Amino acid sequence: MPLHAHLTVNDRGHLEIGGCDAVELARRYGTPLYVLDEERVRAACRQYLSALARHYPKGKIVYAGKALLTTGVCRIIASEGLCLDVVSGGELYTALQAGFPPERIYFHGNNKSDDELRMGLAAGVGRIVVDSEAELVRLDELAAEMGRTADILLRVTPGVEAHTHSYMKTGQLDSKFGIPIAGGLALEAARRAARSPRLRLRGYHCHIGSQILDLTAFDITVGLMMEFLAEAQAATGIPAEELDLGGGLGIRYTPADDPPSPDELVRRLGDALRREATSRGVPLPVLVLEPGRSIVGDAGITLYTVGFIKRIPGLRTYVAVDGGMADNPRVALYQARYTVVVANKAAEEPAEIVSIAGKCCETGDMLVFDAPVPPLARGDVLAVLSTGAYNYSMASHYNRLPKPAMVLVSQGRHALLVERETYDDLLRQDRVPPWLEPAAPQAAGACGSREVQA
Ligand code: LLP
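Numbers given in the working numbering equal positions in the sequence shown, counted from 1, plus 91.
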């Protein structure tokens, strides 16, 4: 089993995902190719929902669309009954075009423009998550102008920062997100929100980090947030209906990662919430969680074709593939680690250690360092695993590489979620200012030279 239970090796020795042969997918759709396993996405949604049912029935799961959002993905999330977190007009537009029920949308963002706020108000999104006092004031004005009301959460910063294997409790809240609890700023915003006849303050939000593998930071956060809820209730007279603890649960990128399950996360949060609610005398809030990575991350793989192989004796073997940091910037940005499987040789034993390089003009454009692989040749198909989150959504056109296609696989079926871009797509938004129109033939010179006119 290559890293995840939903990835198997078929009797041809090929990697299989969603009942589809990965090598066949690469042949049919070309590479680089994002592949998303629908059943795995649905299973992750259900794991969260059943964890709530078991440990804290007063809860909601809000999928964080920043991890991966297309209209097809919206359909899957909607049909599983989850809510959706969007952070921009573009994500909101995608959701609305996909027919996602607006009342199940949470609209985030630390710098929503007037147009974005108007779009959210007009669509009647379920929650606008207000990130600052200034946004609170502006939203109130816009709601008045439009004759609308809005259900809001206030995003606060409790002063906990979670890292993959550790957490930090910072006294100083140096973050562009949220209103600090420290210094009474969040309480002041809560009082202001409570006074507005157009804004209904439903509760509070925080998000402490991403790819979290140790739940201690969540325990501490629940304590700090429940303390704040009690203070805010005393200050405003309004008990918080909802406590949104954001996303952050980690996934398995390599065999060394051992993330807690959604069930463990919710059980632990539920226990902490009950304990805190009793000791502080506040009602139990609706628990809202916003997982992104742990819904789609391991459901996705990226297929590449091996190109040139460069052996530097005694040092390293570089295996170059036809994608790289343009489709997966996470290695260059965060030193992220991935697992690679040779899709057409998935049953073969490793024979050497190689590093997988991208094709962009940048030394940092690497996908995997020091991966054990069977003997490789040009034309082999590589699968980089756990690329479902923050790959397509963070992809760029660096070096004018067209963005890859994305295919949804499910029980042996496969179909496009996103079409592969063409070279013409790259030119679609280009405009040539009139003074750059082709010069008269006599002015055209050789590259770099200019003919001197007599
Ligand atoms: N809610 C809020 C308010 C967030 O800011 C985020 C992620 C999430 C939910 C979802 O977190 P998740 O469950 O996916 O960890 N580009 C980075 C990750 C940035 C996450 C930003 N916020 C990466 O590729 O690792």
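Glycine included, each C-beta is placed from N, C-alpha and C at the ideal position.
Quick caveat: nothing in here was measured; it's all calculated off a predicted structure.
*Indicate the three-state DSSP secondary structure (helix, strand or coil) for residue 357 in the structure shown.*
helix
_Neighbourhood of residue 346 by C-beta distance below 8 Å, restricted to the same chain and skipping five residues each side_ = 94 and 430
*Contact test: residue 424 Cβ vs the ligand LLP heavy atom, cutoff 8 Å*: yes
*Count the CB pairs spanning the segment 119 to 138 and the segment 169 to 181 that are closer than 8 Å, and state whether there are at least three.*
yes
*Mind checking which residues open and close the beta strand (DSSP E) that includes residue 314?*
Taken as a continuous stretch (DSSP letters only), residue 314 belongs to no beta strand (DSSP E), being part of the alpha helix (DSSP H) at 307 to 327.
*Which of helix, strand or coil does DSSP assign to residue 178?*
Secondary structure at residue 178: coil, using DSSP grouped into helix, strand and coil.
_Which of the three DSSP states is assigned to residue 104 in this structure?_
DSSP, reduced to helix, strand and coil, places residue 104 outside both helices and strands of the structure shown, so it counts as coil.
*Specify the secondary structure class of residue 331 as computed by DSSP and reduced to three states.*
coil
*Excluding the 5 residues preceding and the 5 following residue 163 in the sequence, name in chain order all residues of the same chain whose CB lies nearer than 7 Å to its CB.*
Only residues of its own chain outside the window of five on either side were considered, and among them 499 and 508 have a CB closer than 7 Å to the CB of residue 163, listed in chain order.
*Cβ-heavy atom distance between residue 301 and the ligand LLP below 8 Å?*
Yes, since a heavy atom of the ligand LLP falls inside the 8 Å radius drawn around the Cβ of residue 301.
*How is the beta strand (DSSP E) around residue 501 delimited, first residue to last?*
496 to 501
*Could you spell out where the beta strand (DSSP E) holding residue 477 opens and where it closes?*
Unbroken run through residue 477: none, as it is neither H nor E.
*Cβ of residue 131 within 8 Å of any heavy atom in the ligand LLP?*
no
*asked:* Give me, in chain order, the residues of the same chain whose beta-carbon lies closer than 8 Å to that of residue 545; leave out the 5 immediate sequence neighbours on both sides.
replied: The predicted model places residue 545 with a pLDDT of 44, which falls under 50 and marks its position as unreliable; any figure quoted below should be read in that light. Nothing meets the Cβ criterion.
*What are the partner residues of residue 446, as DSSP defines its beta bridges?*
DSSP output for residue 446 lists 409 as bridge partner(s).
*Taking C-beta to C-beta, are residue 422 and residue 467 nearer than 9 Å?*
no
*Could you pull out every residue in the same chain whose Cβ sits closer than 7 Å to the Cβ of residue 263, ignoring the five residues on either side in sequence?*
Because the pLDDT of residue 263 is 44, which lies under 50, any placement of that residue in the model is unreliable, and the question is left without a value.
*Outcome for residue 352 when other beta-carbon atoms lying within 10 angstroms are tallied against a minimum of 16*: exposed
_Please report the distance separating the alpha-carbon of residue 491 from that of residue 515._
11 Å
*Take the Cβ of residue 439 as the centre, count every other Cβ of all protein chains shown within 10 Å, and call the residue buried at 16 or more, exposed below.*
Exposure of residue 439 is indicated by the presence of fewer than 16 other C-beta atoms within 10 angstroms of its C-beta.
_First through last residue of the beta strand (DSSP E) which encompasses residue 431_ = 431 to 433
*Let me know if residue 144 comes out buried or exposed under the rule of 16 or more other beta-carbons within 10 Å of its beta-carbon.*
A residue is called buried when at least 16 other Cβ atoms come within 10 angstroms of its Cβ; residue 144 does not meet this threshold and is exposed.
*CA-CA distance, residue 176 and residue 248?*
18 Å
*asked:* Would you say the beta carbon of residue 499 is closer than 8 Å to some non-hydrogen atom of the ligand LLP?
replied: no
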